[in-house]
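A.B. asks: Next up is a structure, given as structure tokens.
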Amino acid sequence: MQKAILPTSRSVLRTVGSRAGPSSLRRSPQWQIRTYASEAKDYDVIFIGGGVAGYVGAIKAGQEGLKTACIEKRGMLGGTCLNVGCIPSKSLLNNSHLYHQILHDTKKRGIDVGDVKLNLKQMMKAKDESVAGLTKGVEFLFKKNGVDYIKGAGAFVNEHEVAVNLVDGGQTQIKGKNIVIATGSETTPFPGLTIDEKKVITSTGAIALEQVPKRMVVIGGGIIGLEMASVWSRLGSDVTVVEFLGQIGGPGMDADIAKQAHKILAKQGIKFKLGTKVTKGDASGDIVKLDVEAAKGGKQETLEAEVVLCAIGRRPYHEGLGLENIGVEVDERKRIVIDQEYRTNIPHIRVVGDCTFGPMLAHKAEEEAVAVVEFIKHGTGHVNYGAIPSVMYTHPEVAWVGQNEKELKDAGIKYNVGSFPFTANSRAKTNLDTDGMVKFLSDAETDRILGVHIIGANAGEMIAEGTLALEYGASSEDVARTCHAHPTLAEAFKEAAMATYSKAIHF
Ligand SMILES: Cc1cc2nc3c(=O)[nH]c(=O)nc-3n(C[C@H](O)[C@H](O)[C@H](O)COP(=O)(O)OP(=O)(O)OC[C@H]3O[C@@H](n4cnc5c(N)ncnc54)[C@H](O)[C@@H]3O)c2cc1C
């Protein structure tokens, strides 16, 4: 059996597929001697899990001419992202924002609106229709690319064979020369609180509530918690977010941006208890009671709510897969251990997406899915872990790519900062939507962009330009000297770049 090189840390993974890598690797002796562990199996590659990682990988494998199967136990393709994650949450975020805007933000625009009412049932239906359309679209793409879709729960029988308990009853067994595990993640439970998806909910319950709760407490002020807090606060719930850390948004969000986001969301009506921990929960009555106290210890208080959302994070999921039967290595945080080519300690079994290392993001899973197929088919693949954007789809949105100021300081890297507020941007002014700013961080010596951080309307679209700049190793001057259309929000992006290497014009 080929010996896998196990990563010692996430930084090993970040080096996957350097720019110089692919063509040189293709000719390397290591690639020439690589063989499949077993020949003449039913499938060239089997994906276990039909989420973004699994379905994208399966489509790519089909396109590469590999005989491919994808096993999915949900009965629907698309995984967390399409069914209970990115897509339904964005549907609710978009429509709750519209509702909130019609209620509170039309008069000054010269639009008098009559009786505005929430039809929650219809809002949920619109969400469900978007989800159904997209999941059916993936099934169509499977057919188009010759992928066999097997509806059921897969479990390893041995290193090459997977038994599937079919959704419609019965069992089948398939063999693969290569098997890719893409079984995703699940909500990390909050100790002492039992999830019933009615009173004590995860994000899955939060996208399907049948009525607006009078009060909601969100445990965890990360991206998922804040997106759901926004939805239900806009729809009329009195929402309190309890966060252990001293800032919202999680550790990746730049501190300046997180401070602004906190201020803006608080102004919108969300209450925050930062630096606070939940010590005990009681969901035995109609009302859920939570004991909270300062994270560093201190005065206790009890919060009450009709609904408590647990949003303290997600953890890799691979229950029932039988990894222990074949000896696949899993670390202390339940991540399946892989090397730079996504191989486990059993080389023809690889892993991509949420159930292994790296940020739990759909686009990261997608990149890995394409790369893993390239590794299987060609022996080389590429994911730049230094240029994976993050977006929080509140209003305003928050988006970033690369490193934040704290990370640069901790690494002892000298940097320049340039920023530009949307209050000075003509399009934001005409849109009457001026909250936020764009902030660039570039290397003090070379001006190479190290990080881009945005809070503002459409930040999630604008960050694509920052990601491209980072991917191509651009300097802030490169961006500043690139013509941007007028009047656009993207001009704030250009001006922030100008402020980094020289001076902004309009501020
Ligand atoms: C509320 C919410 C909002 C989110 N919003 C965003 C966002 O805006 N942008 C973003 O980038 N990310 C977002 N995410 C994260 C994103 O959904 C995940 O990163 C992404 O879905 C990971 O893809 P995956 O394929 O690795 O795993 P999953 O999507 O979890 O797919 C794994 C699939 O494997 C199946 N499976 C598991 N075990 C077996 C088995 N034994 N046999 C067969 N099938 C099996 C599961 O049923 C599942 O469908 C969000 C997540 C949540 C919860």
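Residue numbers for the sequence shown follow our numbering, beginning at 1085 and rising by one.
Glycine included, each C-beta is placed from N, C-alpha and C at the ideal position.
Are Val1482 and Ile1539 touching if we call contact CB-CB under 8 Å?
C.D. replies: The answer is yes: Cβ separation under 8 Å.
A.B. asks: Quick check on the burial criterion: 16 or more other C-beta atoms within 10 angstroms. Buried or exposed for His1462?
C.D. replies: So His1462 counts as exposed.
A.B. asks: Which same chain residues, not among the five before or five after Leu1150, have their C-beta less than 6 Å away from its C-beta?
C.D. replies: These residues qualify, in order along the chain: Asp1128, Val1129.
A.B. asks: Find the nearest neighbour of Trp1484 within the set Asp1494, Pro1473, Lys1490, judged by alpha-carbon distance.
C.D. replies: Cα-wise, what sits closest to Trp1484 is Pro1473.
A.B. asks: Just to confirm the assignment, what range does the alpha helix (DSSP H) spanning Gly1141 have?
C.D. replies: From DSSP, the alpha helix (DSSP H) with Gly1141 extends over 1136-1147.
A.B. asks: Leaving out five residues on either side along the sequence, give the residues of the same chain with a beta carbon under 7 Å from the beta carbon of Gly1159.
C.D. replies: Here the set comprises Lys1235, Val1251.
A.B. asks: What first and last residue would you give for the beta strand (DSSP E) that runs through Gly1153?
C.D. replies: The residue you asked about is not Gly; residue 1153 is Ala in the sequence shown. Counting along the chain, the beta strand (DSSP E) containing Ala1153 begins and ends at 1152-1156.
A.B. asks: Measure how close the beta-carbons of Asn1392 and Leu1374 come, nearest whole angstrom, since I'm counting them as under 8 Å.
C.D. replies: A quick correction: the sequence has Val, not Asn, at residue 1392. Indeed they touch by this definition, with Cβ atoms about 6 Å apart.
A.B. asks: Tell me whether the beta-carbon of Val1140 lies closer than 8 Å to the beta-carbon of Glu1529.
C.D. replies: Not in contact: Val1140 and Glu1529 (Cβ atoms no closer than 8 Å).
A.B. asks: Verify whether the separation of the beta carbon atoms of Ala1342 and Ile1354 is less than 8 Å.
C.D. replies: No. Outside cutoff.
A.B. asks: Go ahead and pull the three-state DSSP assignment for Ile1396.
C.D. replies: Reduced to three states, the DSSP call for Ile1396 is coil.
A.B. asks: Beta carbon of Met1444: closer than 7 Å to some heavy atom of ligand 1?
C.D. replies: Checking the Cβ of Met1444 against ligand 1 gives yes.
A.B. asks: With distances taken from CA atoms, which of Thr1478, Glu1545, Tyr1426, Asp1199 is nearest Gly1305?
C.D. replies: The shortest C-alpha separation from Gly1305 is found at Thr1478.
A.B. asks: Measure the alpha-carbon distance for Leu1573 versus Ala1247 and round it to whole angstroms.
C.D. replies: Between Leu1573 and Ala1247, the C-alpha separation is close to 52 Å.
A.B. asks: One question on the structure: do Ile1422 and Val1414 come within less than 8 Å of each other, judged by their Cβ atoms?
C.D. replies: No. Outside cutoff.
A.B. asks: 8 Å is my cut-off, CB to CB: does Ile1354 come that close to chain C?
C.D. replies: Of the protein chains in this structure there is only one, and it is not chain C.
A.B. asks: Here's the rule: buried if 16 or more other CB atoms are within 10 angstroms of the residue's CB, otherwise exposed. What is Tyr1426?
C.D. replies: It counts as buried.
A.B. asks: Sorted by chain position, which residues of the same chain lie with C-beta nearer than 8 Å to Leu1218's C-beta, five sequence neighbours on each side aside?
C.D. replies: Answer for Leu1218: Gly1162, Leu1166, Ile1171, listed in chain order.
A.B. asks: For the alpha helix (DSSP H) containing Asp1494, list its first residue and its last residue.
C.D. replies: Where Asp1494 is concerned, the enclosing alpha helix (DSSP H) stretches over 1489-1494.
A.B. asks: What runs of the beta strand (DSSP E), each 3 residues or longer, lie entirely inside the region 1447-1502?
C.D. replies: Whole beta strand (DSSP E) segments, 3+ residues: 1474-1476, 1481-1486.
A.B. asks: If you count every other CB in all the chains shown that lies within 10 Å of the CB of Gln1384, and 16 or more means buried, which is it?
C.D. replies: Label assigned to Gln1384: exposed.
A.B. asks: Exposed or buried, what is Pro1076 when buried is set at 16 or more other beta-carbons lying within 10 Å of its beta-carbon?
C.D. replies: The chain is shown only over 1085 to 1591; residue 1076 falls outside these bounds and no answer can be derived.
A.B. asks: Decide if Leu1445 is buried, meaning its Cβ has at least 16 other Cβ atoms within 10 Å, or exposed.
C.D. replies: Leu1445 should be labelled buried.
A.B. asks: With respect to 7 Å, is the separation between the Cβ of Leu1405 and the closest non-hydrogen atom of ligand 1 below this value?
C.D. replies: Yes; taking the cut-off as 7 Å, the Cβ of Leu1405 has a heavy atom of ligand 1 nearer than that.
A.B. asks: Rank Arg1511, Ile1263, Leu1176 by C-alpha distance to the C-alpha of Ile1410 and give the top, closest one.
C.D. replies: Here the closest residue by C-alpha is Ile1263.
A.B. asks: Which same chain residues end up closer than 7 Å to Ser1108 when comparing Cβ atoms and leaving out the 5 residues on each side of it in sequence?
C.D. replies: For Ser1108, the predicted model reports a pLDDT of 34, less than 50, meaning its position is unreliable and no value from the coordinates is stated.
A.B. asks: Check whether the Cβ of Tyr1477 lies closer than 7 Å to any heavy atom of ligand 1, and answer yes or no.
C.D. replies: Flag set: Cβ of Tyr1477 near ligand 1.
A.B. asks: At a threshold of 7 Å, does Val1136 count as lining ligand 1 (C-beta to nearest heavy atom)?
C.D. replies: Because some heavy atom of ligand 1 lies under 7 Å away, the Cβ of Val1136 counts as near it: yes.
A.B. asks: From the DSSP secondary-structure annotation, give me the bridge partner or partners of His1537.
C.D. replies: His1537 is bridged to Trp1484, Lys1523.
A.B. asks: Can you give me the Cβ contacts of Arg1434 inside the same chain, cut-off strictly under 8 Å, excluding the 5 residues immediately before and after it?
C.D. replies: Same-chain partners within the cutoff: Asn1262, Ile1263, Val1264, Ile1265, Ile1422, Glu1425, Tyr1426, Arg1427, Thr1428, Val1456, Phe1459, Ile1460.
A.B. asks: Within this structure, are the beta carbons of His1184 and Arg1398 separated by less than 8 Å?
C.D. replies: No; because the gap between Cβ atoms is not below 8 Å, this pair is not in contact.
A.B. asks: Pull up the distance between the alpha-carbon of Gln1114 and that of His1466, whole angstroms please.
C.D. replies: Because Gln1114 carries a pLDDT of 38, less than 50, the predicted location of this residue cannot be relied on, and the following value inherits that uncertainty. Roughly 17 Å separates the two Cα atoms.
A.B. asks: Using the Cβ count rule (16 or more neighbours within 10 Å means buried), how would you classify Cys1439?
C.D. replies: Label assigned to Cys1439: buried.
A.B. asks: Enumerate in chain order the residues of its own chain whose CB-to-CB distance from Gly1486 is below 8 Å, with the five nearest sequence positions on each side excluded.
C.D. replies: These residues qualify, in order along the chain: Gly1470, Ala1471, Leu1525, Ile1533, Leu1534, Gly1535, Val1536, Gly1550, Leu1554.
A.B. asks: Compute the Euclidean distance between the alpha carbons of Asn1488 and Val1522, then round it to the nearest angstrom.
C.D. replies: Rounded to whole angstroms, Asn1488 to Val1522 spans 13 Å at the Cα level.
A.B. asks: If you draw a straight line from the C-alpha of Gly1437 to the C-alpha of Gly1169, how long is it?
C.D. replies: If you take the alpha carbons of Gly1437 and Gly1169, they lie about 14 Å apart.
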